[in-house]
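Numbered by full-length UniProt numbering, the letters in the sequence shown go through residues 1 to 429 in order.
Remarks on the structure that follows.
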Amino acid sequence: MNDSPGRAVPGPSPSDGERPGAPDGRDGTEGTEGGTPPPAGGPKWSAEQPPPGEWSSPGAPQAQKAPQQQPQPGAGWGSYGGPQGTPGAQGRYGYPGGPGQWGKPPAAKPGVIPLRPLDLGEILDGAVATMRAHWRSVLPITLVVATVIQVISVLVQRYTYADLAVVSDPGSQESLEDVLDALGGSMVAVLANAFVQLLGTIVATAMLTMIFSRAVLGHGSSIGEAWRDARPQLPRLLGLTLLTALGGVVIILVMLLPGILLGSVGIAIAGGLAALPLLIWLALKFSLASPALMLEKSNVITSLRRSSRLVQGSWWRIFGITALTGLITAFVAAIIVWPLTAVGFAIGIADGGMESLKNGTAATGWAPLILSAVGAVIAQTITMPIQSGVTVLLYVDQRIRREALDLELARAAGLENYGPDAAAPPTGG
């Protein structure tokens, strides 16, 4: 099954004297013996010609049209309906380089993306366009979540890492019990911090998914509306996140187990390296489970199955888009965080002297921690919507390609006469 976008464009219209379909090859009427021209004022087009706006490959035989199968009505917007769409969407879009194909046709664009299979640029542009058009809803969500996460992170680093640095001081007379107590307290604080970050990321992802789903239709969404739409699915999204994380941990342990049992560091390292590509493959295979769960109102297992079906046959394409998005967001975050972190580290050295480098307190002072947290808040506020938006638009793109979701989106957006049998391809702003 070909996932590449593209449609066959209409060829040049035949001249009046060269209408196909007539036996004498001159006009569009039934020719007489000897090629007698038709009566003046007679019809010019054969009844076998496609209707206006029918896009087909030039020279292909005109088959009788089958009744169009409509996708099942959805459960409301922005849920995108249930998973039962109309199959065979690829047949409407053809493939690049096919007969008579001259690029992408005009498509309706009620929101941030055109309603047809998307390319890399359109997916990234749709994510950024949503941030620009709906920044009053998008940026406050990510700003609040990022601020809460970084405040807790600063407190954890300030009061746990500093204690570890003191306990591990070679000149101190701390007992082994004190060291273990400090390590235990630090682990609890770190795990609590990680759990808070997980909850904040889940809430932000859920609300952003709802905002992006409505932006596809050109509809705005307030923070309150996004919260009301996302709240019923938050427990399931938490369960999905924990299940995938647990699955990753189990895979790593299984791959490391032979080396641990045999007491061989080399085998353990080989097992860990073998686990890496498996984890990447599974992560991409289930990467669309989150938007499937949120927009289709499904459960955890169903969303995993939906993601697996949607990704099947397009794994490398989704991997490339996801990896490029990760590189872009990492670069944006780095140019924001690193300068502030360097300034904070320099201030920490200036306050504590070279001794702070030895005992590790140069990085755990208030100045370096606060400046680093400010940079992280700014970076997460910008990059989190881009990552969430790309995931949602990849989900929409795969459903357009496989299930003709664009027809349902067009109806939900209020577009009339949209589809392959419409009189003309609609255009929108």
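Where is the CB? At the ideal position from N, CA and C, for every residue including glycine.
| said: Tell me the DSSP secondary structure of Arg116 in three-state form. | reply: Along the sequence shown, read from residue 1 onward, the residue named residue 116 stands at position 116. DSSP places Arg116 in the coil class of the three-state scheme, outside both helix and strand.
| request: Using 10 angstroms around the beta-carbon of Gln380, count the other beta-carbons present and answer buried if the total reaches 16, otherwise exposed. | output: For this step, residue 380 is matched to residue 380 along the sequence shown. So Gln380 ends up on the buried side.
| said: If you measure between the beta carbons of Gln398 and Ser314, is that distance less than 8 angstroms? | reply: Walking along the sequence shown from the start, residue 398 turns up at place 398. Walking along the sequence shown from the start, residue 314 turns up at place 314. Cβ atoms of Gln398 and Ser314: closer than 8 angstroms.
| Under a Cβ-count criterion, where at least 16 other Cβ atoms within 10 Å of its own Cβ denotes burial, should Gly126 be classed as buried or exposed? | In the sequence shown, residue 126 corresponds to position 126, counting from 1. Burial call: buried.
| request: Please say whether Gln150 and Ala342 have beta carbons closer to each other than 8 angstroms? | output: Along the sequence shown, read from residue 1 onward, the residue named residue 342 stands at position 342. Along the sequence shown, read from residue 1 onward, the residue named residue 150 stands at position 150. Cβ distance not < 8 angstroms, so Ala342 and Gln150 don't count as in contact.
| request: Tell me, please, whether the stretch 303-320 touches the stretch 404-421 by the rule of three or more beta-carbon pairs shorter than 8 angstroms. | output: In short, these stretches do not touch, since the Cβ pair count stays below three.
| message | Between Leu288 and Leu217, how many whole angstroms is the CB-CB distance? I'm expecting something under 8 angstroms. | response | Against the sequence shown, residue 288 aligns to sequence position 288. Against the sequence shown, residue 217 aligns to sequence position 217. Between Leu288 and Leu217 the beta-carbon gap is near 19 angstroms, outside 8 angstroms, which marks them as no contact.
| DSSP three-state assignment for Gly6, whether helix, strand or coil | Here residue 6 refers to the residue found at position 6 when the sequence shown is read from its first residue. Interpretation of Gly6 is limited by its pLDDT of 41, a score under 50 that renders its predicted location unreliable; the figure taken from the coordinates is listed afterwards. Note: Gly6 maps to coil in three-state DSSP.
| said: Classify Arg228: buried if its beta carbon has 16 or more other beta carbons within 10 angstroms, exposed otherwise. | reply: The residue you call residue 228 lines up with position 228 of the sequence shown. By the 10 Å Cβ count, Arg228 comes out exposed.
| field | C-alpha distance - Gly111 paired with Asn193, whole-angstrom precision | value | Position 111 of the sequence shown, counting from 1, holds the residue named residue 111. Position 193 of the sequence shown, counting from 1, holds the residue named residue 193. Between Gly111 and Asn193, the C-alpha separation is close to 38 angstroms.
| task | Could you spell out the range, first to last residue, of the alpha helix (DSSP H) harbouring Leu155? | result | Taking the first residue of the sequence shown as 1, we reach residue 155 at position 155. Counting along the chain, the alpha helix (DSSP H) containing Leu155 begins and ends at 135-156.
| Can at least three beta-carbon pairs, one atom from the stretch 237-257 and one from the stretch 275-292, be found at a separation below 8 angstroms? | Enough Cβ pairs lie closer than 8 angstroms, so yes.
| When we look at the beta-carbon of residue 491 and count the other beta-carbons within 10 Å, is it buried (16 or more) or exposed? | One cannot answer for residue 491 here, as it falls past the ends of the chain, which runs 1 to 429.
| query | Excluding five sequence neighbours on each side, which residues of the same chain lie with their C-beta closer than 6 angstroms to the C-beta of Ala63? | reply | Here residue 63 is taken as the residue at index 63 of the sequence shown, counted from 1. With a pLDDT of 41 at Ala63, under the threshold of 50, the modelled position of this residue cannot be trusted; read the value that follows with caution. In its own chain, leaving out the 5 sequence neighbours on each side, no residue places its CB closer than 6 angstroms to the CB of Ala63.
| query | What distance in whole Å lies between the Cβ atoms of Ser137 and Ser264, which are believed to be in contact at a cut-off of 8 angstroms? | reply | Walking along the sequence shown from the start, residue 264 turns up at place 264. Walking along the sequence shown from the start, residue 137 turns up at place 137. With 8 angstroms as the limit, Ser264 and Ser137 do not qualify as a contact, their Cβ atoms being about 54 angstroms apart.
| For Thr383, which option in Ala204, Ser290, Val156 has the closest C-alpha, if you only look at C-alpha atoms? | Residue numbering aside, residue 383 sits at position 383 when the sequence shown is read from its first letter. With distances taken between CA atoms, Thr383 lies nearest to Ala204 out of Ala204, Ser290, Val156.
| Spatial neighbours of Ser303 in its chain, beta-carbon cut-off 6 angstroms, leaving aside the 5 residues before and after | Within the sequence shown, the letter at position 303 stands for residue 303. Only Ala289, Ala292, Leu293 meet the Cβ criterion.
| message | Please state the DSSP three-state secondary structure of Glu122. | response | Translated into the one-based positions of the sequence shown, residue 122 becomes position 122. Three-state DSSP puts Glu122 in a helix.
| query | Using the beta-carbon count (16 or more within 10 Å), is Val254 buried or exposed? | reply | The residue you call residue 254 lines up with position 254 of the sequence shown. Burial call: exposed.
| query | Is Ser314 helix, strand or coil when you go by DSSP? | reply | By one-based count along the sequence shown, residue 314 stands at place 314. DSSP places Ser314 in coil when its eight states are reduced to three.
| request: Taking only the alpha-carbon atoms, compute the straight-line gap between Gly220 and Thr160 and give it to the nearest angstrom. | output: Locating residue 220 in the sequence shown gives position 220, where the first residue counts as 1. Locating residue 160 in the sequence shown gives position 160, where the first residue counts as 1. Distance between the alpha carbons of Gly220 and Thr160: 43 angstroms.
| task | Could you tell me whether the Cβ atoms of Val300 and Arg231 are closer together than 8 angstroms? | result | The count along the sequence shown starts at 1 and reaches residue 300 at position 300. The count along the sequence shown starts at 1 and reaches residue 231 at position 231. Between Val300 and Arg231, the gap from beta carbon to beta carbon reaches 8 angstroms or more.
| Span of the alpha helix (DSSP H) holding Ser290? | Start at 1 with the first residue of the sequence shown, and residue 290 comes out as number 290. 289-296 is the extent of the alpha helix (DSSP H) around Ser290.
| message | So, at 8 angstroms on beta carbons, what are the nonlocal neighbours of Leu371 in its own chain, with the 5 sequence-adjacent residues on each side left out? | response | Position 371 of the sequence shown, counted from the first residue, corresponds to residue 371. Taken in chain order, the residues that qualify are Leu340, Thr341, Val343, Gly344, Ile347.
| Residues near Gly266 by beta carbon distance below 8 angstroms, same chain, minus five either side | Here residue 266 corresponds to residue number 266 of the sequence shown, with the count starting at 1. Result list for Gly266: Gly259, in chain order.
| message | Suppose the cutoff is 7 angstroms on Cβ atoms and the five residues either side in sequence are ignored; what does the same chain contact list for Ile336 look like? | response | Counted from its first residue, the sequence shown places residue 336 at position 336. Only Gly375, Ile378, Ala379 meet the Cβ criterion.
| message | Measuring only the C-alpha atoms, how far is Leu327 from Leu243? | response | One-based indexing of the sequence shown puts residue 327 at position 327. One-based indexing of the sequence shown puts residue 243 at position 243. The alpha-carbon separation between Leu327 and Leu243 amounts to approximately 26 angstroms.
| message | Spatial neighbours of Leu409 within its chain, please: C-beta separation below 7 angstroms, excluding the five flanking residues on both sides. | response | As a working note, residue 409 is residue 409 in the sequence shown. Around Leu409: Leu115, Val216, Leu217.
| query | So the alpha helix (DSSP H) Leu409 belongs to, where does it begin and stop? | reply | Translated into the one-based positions of the sequence shown, residue 409 becomes position 409. First-last of the alpha helix (DSSP H) with Leu409: 405-412.
| Given residue 459, which residues of its chain have a CB within under 8 angstroms of its CB, disregarding the five upstream and five downstream residues? | Coverage of the chain is limited to positions 1 through 429, which leaves residue 459 absent and any answer about it impossible.
| message | Can you check which of these residues, Leu199, Ala206, Phe195, is closest to Lys297 by C-alpha distance? | response | Start at 1 with the first residue of the sequence shown, and residue 297 comes out as number 297. Nearest C-alpha to Lys297 among Leu199, Ala206, Phe195: Ala206.
| message | Using CA atoms only, rank isn't needed, just tell me which of Ile349, Leu191, Pro385, Leu295 is closest to Leu405. | response | Numbered from its first residue, the sequence shown carries residue 405 at position 405. Looking at the Cα atoms, Leu295 is the closest of the given residues.
| field | Straight-line gap, Leu120 to Val128 (C-alpha atoms, nearest Å) | value | As a position in the sequence shown, residue 120 is number 120, starting the count at 1. As a position in the sequence shown, residue 128 is number 128, starting the count at 1. C-alpha separation (whole angstroms): 13 angstroms.
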